[in-house]
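Letter by letter, the sequence shown follows residues 353 to 623 in the working numbering.
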Amino acid sequence: MDQYRVFGNPIKQSRSPFIHQKFAEQTNELLNYQSEYVELGAFELAVRQLIKIGGKGANVTAPFKEEAMTLCDHLSERAKLAGAVNTLSFKDGCIWGDTTDGDGLVNDLLANKVALLGKRILLLGAGGAAKGVILPLLEKNPAKLVVANRTVSKAENIVEQYPGKPISSCSFEEVAEQAFDVIINATSAGLNGQALPISEHVIQPNVTCYDMTYGKELTPFLQIAKKRNAAKLIDGLGMLVGQAAVSFNIWRNIQPDEKKVLTLLRKEMSV
Ligand code: ATR
């Protein structure tokens with residue numbers, strides 16, 4: 353049976369085996385997908401071992417997404433720009449690296465009927481999660497994409513990578529002076545139980561608020577959005593399933609039904 357893994361540290365909480373198992377059932381693909389805890393410093397070894405047993409591919413999660421790039425013989429353009437890889441494919445004796453997070457996000461926004469063409473998008477954060485979604489967002493031709501970050505220099509560095517594109521950077525304070533249609537939280541503030549230092553006034557009733565994180569309860573960012581009567585509140589579970597679907601398609605050349613698996617996953621997480 354074809355072997356796949358998701359490598360991470362920690363990894364116990366990963367929903368990827370559940371998602372890929374459901375995709376495989378749906379599409380009648382015969383494969384085995386498991387999560388694997390990898391000690392820091394042992395990532396390359398884990399990848400080489402998987403290749404040795406005839407593995408076909410792997411997903412990569414924190415903290416190995418940058419290191420995964422260095423092992424690849426071939427990198428997609430979007431992985432190069434993101435500076436990270438979440439999908440490895442082993443074929444023709446080579447390692448191919450791609451990142452599917454951005455497409456996962458954009459597909460989920462579209463599935464939630466959030467238009468991006470000509471819209472004003474605010475992206476909060478400039479870490480790995482933010483970097484991975486910029487190219488796919490720009491490809492949807494928004495009016496503007498503003499990257500705001502606590503450490504502004506990091507947002508500036510990202511913007512420099514996209515000359516001629518409608519992208520700019522600013523501080524969290526400067527966010528308050530602008531209007532947006534879509535606000536995406538790509539910071540890890542909520543995960544650490546910290547509040548996002550942005551003015552709540554930027555969340556107006558016409559705004560869609562998207563949080564790349566998720567949990568049983570509404571995330572802290574979405575709680576604020578709800579209080580502010582934002583038009584739509586969307587958590588990152590659809591993005592998780594979406595990025596998995598793009599990876600699955602890369603490996604198996606077949607598109608799974610994301611919506612069905614998202615419904616199953618939500619049910620599974622609510623118990
Ligand atoms: P990830 O891979 O999840 O993006 P990361 O690369 O460590 O993780 O990036 C975390 C992001 O969350 C960064 O944009 C970080 O801001 P800084 O670049 O200024 O560190 C942001 N972040 C984390 N905690 C935050 C907080 N309490 N308030 C605002 N931003 C925060």
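For each residue, glycine too, the CB sits at the ideal point set by N, CA and C.
No experiment lies behind these values; they were computed from the predicted model shown.
Exercise. Opposite N361 in the DSSP bridges: which residues?
Worked result: Position 9 of the sequence shown, counted from the first residue, corresponds to residue 361. Bridge partners of N361: none, in fact.
Exercise. By the 10 Å Cβ neighbour count, where 16 or more other Cβ atoms means buried, how is R400 classified, buried or exposed?
Worked result: Translated into the one-based positions of the sequence shown, residue 400 becomes position 48. It is exposed - the Cβ of R400 has fewer than 16 other Cβ atoms within 10 Å.
Problem set entry | Sequence ranges, alpha helix (DSSP H) only - wholly within the segment 535-603, length at least 4 | 572-579
Exercise. Count the other CB atoms within 10 Å of the CB of A531; is the residue buried (16 or more) or exposed (fewer)?
Worked result: Residue mapping note: residue 531 aligns to position 179 of the sequence shown, counting from 1. Exposed, because fewer than 16 other Cβ atoms sit within 10 Å of the Cβ of A531.
Problem set entry | Short Cβ contact (8 Å threshold) for L490 with I536 | Taking the sequence shown and counting its residues from 1, one reaches residue 490 at position 138. Taking the sequence shown and counting its residues from 1, one reaches residue 536 at position 184. Result no, Cβ atoms of L490 and I536 do not sit closer than 8 Å.
For this session: Spatial neighbours of A482 within its chain, please: CB distance less than 6 Å, with the 5 preceding and 5 following residues excluded, ordered by chain position.
Result: Along the sequence shown, read from residue 1 onward, the residue named residue 482 stands at position 130. Counting only Cβ-Cβ distances below 6 Å, and skipping sequence neighbours, we find L475, A538.
Exercise. In terms of alpha-carbon separation, which member of G454, A431, F600, H426 lies closest to D444?
Worked result: In the sequence shown, the residue the question calls residue 444 occupies position 92. With distances taken between Cα atoms, D444 lies closest to H426.
Exercise. Helix or strand or just coil, what does DSSP make of S520?
Worked result: Looking up residue 520 in the sequence shown gives position 168. In the structure shown, S520 sits in a strand (DSSP, three-state: E or B).
Exercise. DSSP on G435, reduced to helix/strand/coil?
Worked result: Walking along the sequence shown from the start, residue 435 turns up at place 83. Reduced to three states, the DSSP call for G435 is coil.
Exercise. Does the distance from the C-beta atom of A507 to that of A478 stay below 8 Å?
Worked result: Start at 1 with the first residue of the sequence shown, and residue 507 comes out as number 155. Start at 1 with the first residue of the sequence shown, and residue 478 comes out as number 126. Yes, Cβ-Cβ distance for A507 and A478 is below 8 Å.
For this session: Identify whether Q386 lies in helix, strand or coil by the three-state DSSP scheme.
Result: Counting from one through the sequence shown, the residue named residue 386 turns up at place 34. Reduced to three states, the DSSP call for Q386 is strand.
Exercise. From this set, G407, A376, Y356, which residue's C-alpha is nearest I606's C-alpha?
Worked result: On the sequence shown, residue 606 is found 254 positions in, with the first residue counted as 1. Of the candidates G407, A376, Y356, the residue whose Cα lies closest to the Cα of I606 is A376.
Exercise. Where does L469 fall in DSSP's three states?
Worked result: Position 117 of the sequence shown, counting from 1, holds the residue named residue 469. Correct three-state label for L469: coil.
For this session: Just tell me which of V593, Q575, D587, L570 has its CA closest to the CA of T452.
Result: The residue you call residue 452 lines up with position 100 of the sequence shown. Taking only the C-alpha atoms, the option nearest T452 is V593.
Exercise. Can you list the alpha helix (DSSP H) stretches of 4 or more residues lying completely in the segment 441-516, in chain order?
Worked result: The qualifying runs are 453-463, 480-483, 486-490, 504-512.
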